[in-house]
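Whatever position you read off the sequence shown (first residue = 1), add 121 for our numbering. Virtual Cβ for every residue (Gly too), placed ideally from N, Cα, C. A quick note: this is a predicted structure, and the numbers were derived from the prediction, not measured. What follows is one structure encoded as structure tokens, with my remarks underneath.
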Amino acid sequence: MPRKTPIELYRNIGISAHIDAGKTTTTERVLFYTGVNHKLGEVHEGAATMDWMEQEQERGITITSAATTAFWRGMDLSFPEHRINIIDTPGHVDFTIEVERSMRVLDGACMVYCAVGGVQPQSETVWRQANKYGVPRLAFVNKMDRTGANFFKVYEQMKLRLKANPVPIQIPIGAEEGFRGVVDLVKMKAIIWDEASKGMKFEYIEIPPDLVESAKEWR
122 MPRKTPIELY RNIGISAHID AGKTTTTERV LFYTGVNHKL GEVHEGAATM
172 DWMEQEQERG ITITSAATTA FWRGMDLSFP EHRINIIDTP GHVDFTIEVE
222 RSMRVLDGAC MVYCAVGGVQ PQSETVWRQA NKYGVPRLAF VNKMDRTGAN
272 FFKVYEQMKL RLKANPVPIQ IPIGAEEGFR GVVDLVKMKA IIWDEASKGM
322 KFEYIEIPPD LVESAKEWR
């Protein structure tokens with residue numbers, strides 16, 4: 122039986138973070154937005170797809186790496202369909218070996234950071250592991266709607282604590298209760314999500330006037 126997706130369009134992508142940065146929740150959103158799941162599984166309710174062990178569901182933490190698959194053609198469906206094999210890794214220091222085991226097979230990794238907590242000890246550990254295995258990575262700053270959220274603080278911490286050279290491709294529109302979207306620094310457009318659809322629907326609009334200069338500077 123022929124493959125649905127050519128093997129050159131396969132990608133093994135790991136999701137890594139310090140515990141409670143929202144790593145598994147981020148994975149659940151990926152599954153929801155790509156149509157794998159038709160409802161959002163919440164970690165605190167013990168309903169996350171990726172936390173399949175009874176102990177994980179009871180404690181609300183990831184203990185072992187778990188893999189799933191999603192298909193993606195880009196936000197505007199303009200790319201060939203890629204098969205994304207997603208590996209959700211533990212964030213607790215006691216299970217670091219699980220992360221290292223996964224790093225060996227990854228084509229890339231998404232490092233999740235809490236917009237409040239920023240770069241934390243396990244964030245540094247998994248970054249070093251990615252360096253060790255030469256894994257390309259992107260950073261996702263999560264929880265921008267939380268009190269104390271600061272995208273730019275996390276950016277500076279990445280430079281200081283990880284010795285990284287992060288290149289933002291988006292900046293937030295607002296923060297905490299005022300967070301409502303992002304500015305795409307590639308297309309130079311604002312992306313606003315529809316809360317009623319849990320982010321399934323969104324629209325591109327012009328960058329808000331108060332962010333135009335900032336967007337140009339970051340671009």
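Residue i vs residue j beta-carbon contact at 8 Å
{"i": "V304", "j": "I294", "result": "yes"}
{"i": "A236", "j": "F272", "result": "yes"}
{"i": "G156", "j": "I208", "result": "no"}
{"i": "A142", "j": "V288", "result": "no"}
{"i": "R410", "j": "N206", "result": "A query on residue 410 cannot be resolved here, the shown segment of the chain reaching from 122 to 340 and no further."}
{"i": "K274", "j": "G299", "result": "no"}
Nearest-angstrom beta carbon gap, residue j and residue i [assumed within contact, 8 Å]
{"i": "T210", "j": "S186", "result": "5 Å"}
{"i": "M224", "j": "V256", "result": "6 Å"}
{"i": "K310", "j": "I326", "result": "7 Å"}
{"i": "D315", "j": "K322", "result": "4 Å"}
DSSP bridge partner residues for residue i (one or two, in chain order)
{"i": "T190", "result": "N206"}
{"i": "F239", "result": "The amino acid at residue 239 is misidentified as Phe; the sequence shows Gly. Paired residue(s): C235."}
{"i": "I312", "result": "V303, Y325"}
Sequence-distant residues of its chain with Cβ nearer than 6 Å to residue i (five each side left out)
{"i": "W345", "result": "Residue 345 is absent from the structure shown; the chain starts at 122 and stops at 340."}
{"i": "H139", "result": "G212, Q241, Q243, S244"}
{"i": "R267", "result": "V237"}
Sequence-distant residues of the same chain with beta carbon closer than 8 Å to residue i, five excluded per side
{"i": "R194", "result": "F200, P201, E202, H203"}
{"i": "G320", "result": "R150, Y154, W314"}
Delimiting residues of the alpha helix (DSSP H) encompassing residue i
{"i": "E221", "result": "217-224"}
{"i": "V275", "result": "272-282"}
{"i": "R267", "result": "Careful: R267 lies outside any alpha helix (DSSP H) and carries neither H nor E."}
{"i": "A336", "result": "333-339"}
{"i": "Y154", "result": "144-154"}
Cutoff 7 Å; reference residue i; Cβ partners in own chain excluding five residues on either side
{"i": "K337", "result": "none"}
{"i": "E219", "result": "T185, S186, T210, P211"}
Start and end residues, beta strand (DSSP E) containing residue i
{"i": "L259", "result": "258-263"}
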